[in-house]
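Mapped onto the working numbering, the consecutive letters of the sequence shown carry residue numbers 8 to 200.
One structure is given here, and the rest of the page talks about it.
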Amino acid sequence: MDHDFYAYMGRMKYIRRWALMHSTVDENIMEHSWEVAEIAHALALIENEMFGGKVDLYRTLCYAVYHEASEVVTGDLPTPIKYFNEHIRSAYKDLEALSCRKLVDKLPEELRESYASFIFPDEKSIEYRLMKCADRFAAYVKCVEEVKSGNREFVKAKETIGKDIEGMQEKSCVYFRENILPSFEKTLDELDR
């Protein structure tokens, strides 16, 4: 039997994000997932080391790495469509779950349970919440980069995502928003000072 899971994951580099918007630099879901993993790792470390948390770093990283896994089957459905109404949102969640099940079934049987625990995350866990914060931070950073490049196409998205970020309550997310996120607004010369 072929175990096609990894070949599917390798196709993440072909799935373009922000499909309805002009980007000065295209972004694919593989690049995005790496950035989410980097930020989620930072949030987990901040939570543990600065605020006495008990976040599982491995779980947080795996949630981030696989958070877009379903999109290798479905593609990246633009946000305005995905969240247009409750019926579409619910149908899309069902489609995502079906896609994830298809992917897990493409693994050797001995690995399925382990991968399923990351591809179907515990949505009530701190690790999941931090990954979701990291996902929004990564989207915000993309907007910042586009606006800095003179692309007004991302101004409204930056404002909308910025409001989401303002509502984050986890201590590590607040710390990241206040102390780290502003650095992404700087130029290279400003960072080098």
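Every residue gets a Cβ at the ideal spot worked out from N, C-alpha and C, and that includes glycine.
Secondary structure at residue i, three-state DSSP: helix, strand or coil?
i    : result
N55  : helix
N35  : strand
R23  : strand
N186 : helix
F161 : helix
K149 : helix
Y99  : helix
Below 7 Å CB to CB, which residues in the same chain sit around residue i once its five sequence neighbours on both sides are set aside?
i    : result
F191 : V148 and V151
H74  : S40, V43, M138 and D142
R24  : E34, N35, I36, H39 and D83
For residue i, I'd like the list of residues in its chain whose CB is within less than 6 Å of its CB, leaving aside the five on either flank, ordered along the chain.
i    : result
E160 : M28 and H29
A47  : T67, A71, L137, M138 and A141
Judging by CA-CA distance, which residue of the options is the nearest neighbour of residue i?
i    : options                   : result
D83  : H94, T67 and L102         : L102
L50  : L198, N186, K193 and D196 : N186
A71  : I22, A14, F125 and Y15    : F125
N158 : I95, L195 and V32         : V32
V79  : K89, K170 and K109        : K109
V154 : E54, K193 and L105        : K193
E56  : R184, D199, S179 and K165 : S179
D6   : E116, P85, R96 and I22    : Outside the shown range of the chain, which is 8 to 200, sits residue 6, and nothing can be said about it.
L195 : A145, E177, L105 and S156 : S156
Cβ contact (3+ pairs, closer than 8 Å) linking the stretch 123–134 and the stretch 57–64: yes
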